[in-house]
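For reference, the structure is listed below as structure tokens.
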Amino acid sequence: MGGGAEERDEKDMKSPAVFLDRDGTINEQMGYINHVSRFVLLPRVARAIKMLNDNGYKSVVVSNQSGVARGYFPLELVHEVNHVMEDLLWKEGAKLDGTYFCPHHPQGLIPEYAIACDCRKPGNGLITLAKRDFDIDMNKSFVVGDRCQDLEMAERSGLQGVLVLTGYGKGERDYLLPKKHVKPTYVAEDLLDGVRWIIDSGKKGTR
Numbered sequence: 003m004g005g006g007a008e009e010r011d012e013k014d015m016k017s018p019a020v021f022l023d024r025d026g027t028i029n030e031q032m033g034y035i036n037h038v039s040r041f042v043l044l045p046r047v048a049r050a051i052k053m054l055n056d057n058g059y060k061s062v063v064v065s066n067q068s069g070v071a072r073g074y075f076p077l078e079l080v081h082e083v084n085h086v087m088e089d090l091l092w093k094e095g096a097k098l099d100g101t102y103f104c105p106h107h108p109q110g111l112i113p114e115y116a117i118a119c120d121c122r123k124p125g126n127g128l129i130t131l132a133k134r135d136f137d138i139d140m141n142k143s144f145v146v147g148d149r150c151q152d153l154e155m156a157e158r159s160g161l162q163g164v165l166v167l168t169g170y171g172k173g174e175r176d177y178l179l180p181k182k183h184v185k186p187t188y189v190a191e192d193l194l195d196g197v198r199w200i201i202d203s204g205k206k207g208t209r
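Taking our numbering, the leading residue of the sequence shown gets 3, the next gets one more, and so forth.
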């Protein structure tokens, strides 16, 4: 039982995180975002992320960007689009703590990125990377996205998954989820609805 106070202090320093899908959850789902002009924030997203900021949650984007491997756009464009996303949110008082993406696809056309990896969702390699960079309390963390693959990634990481009905969400809920073993802990109208539920769950200690 020795060293308990030190262990408790270390645990108290950890922050929960909400791992956010990008396309269809933060911005309008337009297929591949192959130009910065196609990036459009969804309504209420900045409010949702600011709410995470204000309530002690890390906001971490985890996104598949296989268009790089497929040759649809260069790696640099993903970074450019992500910078635009961060700037738009910042202007509305919201901050992303980290942004991670997977550029790979096993059947890609660009040899450097045409690989099988563990960072492509539903793999949880992006969450593993975030855990290396941040001291995250995984017991109180969540995944939010508009695809079943986001829910599967959550399950592989031992996290609760929230399905938003923006982007592909409604179709995934109606046509794919009934065939899947994985189920969302909560189905939200949009990111703000999901974040409100997450924060309320944390206050109630329902995790």
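Beta carbons are placed, not taken as given, at the ideal position from N, Cα and C, and that holds for glycine. Computed from a predicted structure; not experimentally measured.
According to DSSP, residue pairing for residue 162 in a beta bridge involves 144.
Per DSSP, residue 60 lies in no alpha helix (DSSP H) segment; the continuous beta strand (DSSP E) that holds it begins and ends at 60-66. One Cα belongs to residue 92, the other to residue 53, and the distance between them is close to 13 angstroms. DSSP places residue 116 outside both helix and strand once states are collapsed to three, so it counts as coil. Within the same chain, 124, 184 come within 7 angstroms of residue 154 by CB-CB distance, once the 5 residues on both sides are set aside.
The beta-bridge partner set that DSSP reports for residue 189 consists of 165.
Nearest to residue 30 by alpha-carbon distance, out of 47, 118, 204, is 47. Taking the Cβ atoms as the reference, residue 23 lies roughly 7 angstroms from residue 64, within the contact range of under 8 angstroms. For the pair residue 37 and residue 78, the Cα-to-Cα distance works out to about 11 angstroms. Here DSSP, grouped into helix, strand and coil, assigns residue 29 to strand. At a Cβ-Cβ threshold of 9 angstroms, residue 50 and residue 192 count as neighbours. The segment 36-111 is shown to contain whole alpha helix (DSSP H) runs of 4 or more residues at 47-56, 69-72, 77-93, in chain order. When the Cα atoms are used, residue 188 and residue 17 turn out to be separated by approximately 21 angstroms.
Apart from the 5 residues on each side of it in sequence, residue 127 sits with its Cβ closer than 8 angstroms to the Cβ of 104, 119, 120, 121 in its chain, given in chain order.
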